[in-house]
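Peer 1:
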Amino acid sequence: MNKCMERLYNGIIKENPTFVLMLGMCPTLATTTTAVNGMGMGLTTTAVLVFSNLIISCLRKIIPDRVRIPAYIVIVASLVTIVQLLLQAFIPSLNESLGIFIPLIVVNCIILGRAEAYAAKNGPVESAFDGIGMGLGFTLGLTCIAIFRELLGAGTVFGVTLIPEAYKITIFGLAPGAFFVLAGLTALQNKFKMPSATNGAGGESVLACGGNCSHCSGSACMANHATLETRRLQAEEDALAAKKAAVAQKQTELSAKLDKKDN
Amino acid sequence: MKELILVIVGAALVNNIILSQFQGLCPFLGVSKKTDTAAGMGGAVIFVITLASFVTSIIYKFVLVPLDVTYLQTIAFILVIAALVQFVEMFLKKSMPSLYQALGVFLPLITTNCAVLGAALTNVQKEYNILFSVFNGLGTAIGFTLAIVLLASIRESIEDNDIPVNFKGSPIVLITSGLMAIAFMGFAGLI
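These protein sequence lines are chains G and A, in that order. Terminal number for the first sequence in our numbering: 483, no gaps in between. Terminal number for the second sequence in our numbering: 601, no gaps in between.
1. Checking the sheet assignment: what are the DSSP bridge partners for residue 381 (chain G)?
2. So, under 8 Å CB-CB, residue 516 (chain A) and residue 451 (chain A) are touching, yes? Tell me the CB distance rounded to an integer number of Å.
3. Is there at least one Cβ from chain G nearer than 9 Å to residue 551 (chain A)'s Cβ?
4. Take residue 326 (chain G) and list the residues in its own chain whose beta-carbon comes closer than 8 Å to its own, dropping the five residues that flank it on each side.
5. For residue 384 (chain G) and residue 576 (chain A), what's the separation of their Cα atoms in angstroms?
6. Which value, in whole angstroms, describes the spacing of the CA atoms of residue 270 (chain G) and residue 312 (chain G)?
7. Using 8 Å as the threshold, is the region 504-513 of chain A in touch with the region 447-466 of chain A, meaning 3 or more CB pairs across them?
8. How would you list, in chain order, the residues of chain G whose beta-carbon sits under 8 Å from the beta-carbon of residue 585 (chain A)?
9. Count the other CB atoms within 10 Å of the CB of residue 217 (chain G); is the residue buried (16 or more) or exposed (fewer)?
10. Buried or exposed for residue 439 (chain A), please, with buried defined as at least 16 other CB atoms from any protein chain shown within 10 angstroms of its CB.
11. If the cut is a Cβ gap below 7 Å, which residues of chain G does residue 485 (chain A) touch?
12. For the alpha helix (DSSP H) that residue 280 (chain G) lies in, which residues bound it at each end?
13. To the nearest angstrom, how far is the alpha carbon of residue 460 (chain G) from that of residue 453 (chain G)?
14. Under a CB-based cut-off of 9 Å, is residue 273 (chain G) close to chain A?
15. So is residue 539 (chain A) buried or exposed if we call it buried at 16+ other beta carbons inside 10 Å?
16. For residue 372 (chain G), which of G:386, G:359, G:361 and G:360 has the nearest alpha-carbon?
17. Can you tell me the Cα-Cα spacing of residue 597 (chain A) and residue 534 (chain A), whole angstroms?
18. How should residue 417 (chain A) be labelled, buried or exposed, when 16 other C-beta atoms within 10 angstroms of its C-beta is the threshold for buried?
19. Since residue 378 (chain A) and residue 601 (chain A) should fall inside the 8 Å C-beta cutoff, what is the C-beta to C-beta distance between them, to a whole number of angstroms?
20. Comparing the C-beta of residue 523 (chain A) with each C-beta of chain G, is any distance below 9 Å?
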């Protein structure tokens, strides 16, 4: 039980996917026009994340290691399709306003990241709690950004008017506003020296790629590339050296034979 | 012909994939430190999105619609894209090593780039036929490349500027992208 609580704390506060790990930036900026949308997106992602963690954790001993990523993608894509159909049937308004970002949950790095980093190594119960924690952390981050944007852009929070019509700044509800609000929030994080991927103080993620989308410059891939390249060169050199050695040996044998003949 | 040009302009400038649709932000913020890496990423994205738009629209038209399983589009598209990226990587490695040198590093990153899946899904949503899908994909990718190369060159030139301490690093990049988004909003009346 203690471990489950620890997973919740870890997901919501310590490794908050939005503020600390900076994962899943696309839905974070795109769907936070109003607090309701942001929360809806967060909860939808949470639902997918909990079930994907649960299923992947149950199947972790069956899925062969080499095809695990395609297997994860199929599982996540099926869950996303189910969630999309449910939303279409029961909350059509949310489905309408989130639009293409519901199918795009498939490529949200949080989901594959948690599958790879946690669910593939731990039991189903802990994995499900990890999913709940991470999902709620994501929901919290999205709702927080969305509240700022809705308040500044439309003067309302969850539809309740707080700022009179004349004082609202429409740009915060539009695309550029998303960048500005996130910039302000990350600057505040820097100011108070809070751990975050943006100032290098965030916890190192254990994903193969580092899991730090905002600082990724393909460097992991590049390093991989370099390693492979040096390994290939090394192998080529070794092969060449072996060949040379073989030739030299043959030559000495041949000369020895010749010497014998001469004698 | 005129409609095709309009589709390209619309996808590249008016509905810019990054600055107004918010898809593919991770490479946009991550791979934009140097102009040449940004251009390499852009090249790889143009290549993959155009090809993926073509293949996914064929699959949609000739497999999913006849079998009446269009609700499987998300699963089908992501698998097709993942396979396609692997295939492109192998093909480039074997037959065009020079192009592979330039783009190869970025190819694995592209599978989980939401711009690719996003472009494929948009084609279906807007009910484009195969030709229009390819051109929409091309336009989308051109818009991506334009935005990422522009951001990279801005980032290179503000590197030594006197930025407030707390805004150093990603906040200033986000603000730059916000200003670029405002500039791109000016294209809204173009079509």
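Virtual Cβ for every residue (Gly too), placed ideally from N, Cα, C.
Peer 2: In terms of the structure at hand:
1. G:376
2. Between residue 451 (chain A) and residue 516 (chain A) the Cβ distance is about 5 Å, and since that is below 8 Å, they are a contact.
3. no
4. 293, 296, 297 and 300
5. 31 Å
6. 22 Å
7. In short, these stretches touch, since the Cβ pair count reaches three.
8. Under the 8 Å cutoff, chain G gives 399, 400 and 403.
9. The structure shown does not extend to residue 217 (chain G), since chain G is modelled only from 221 through 483, so no value can be given for it.
10. Only buried fits residue 439 (chain A), as 16 or more other CB atoms lie within 10 angstroms of its CB.
11. 294, 297, 298 and 301
12. Residue 280 (chain G) -> no alpha helix (DSSP H), and no H or E assigned at all.
13. 10 Å
14. no
15. The residue is exposed, with fewer than 16 neighbouring Cβ atoms inside 10 Å.
16. G:386
17. 24 Å
18. buried
19. Residue 378 (chain A) lies beyond the range of chain A shown here (411 to 601); nothing can be said about it.
20. yes
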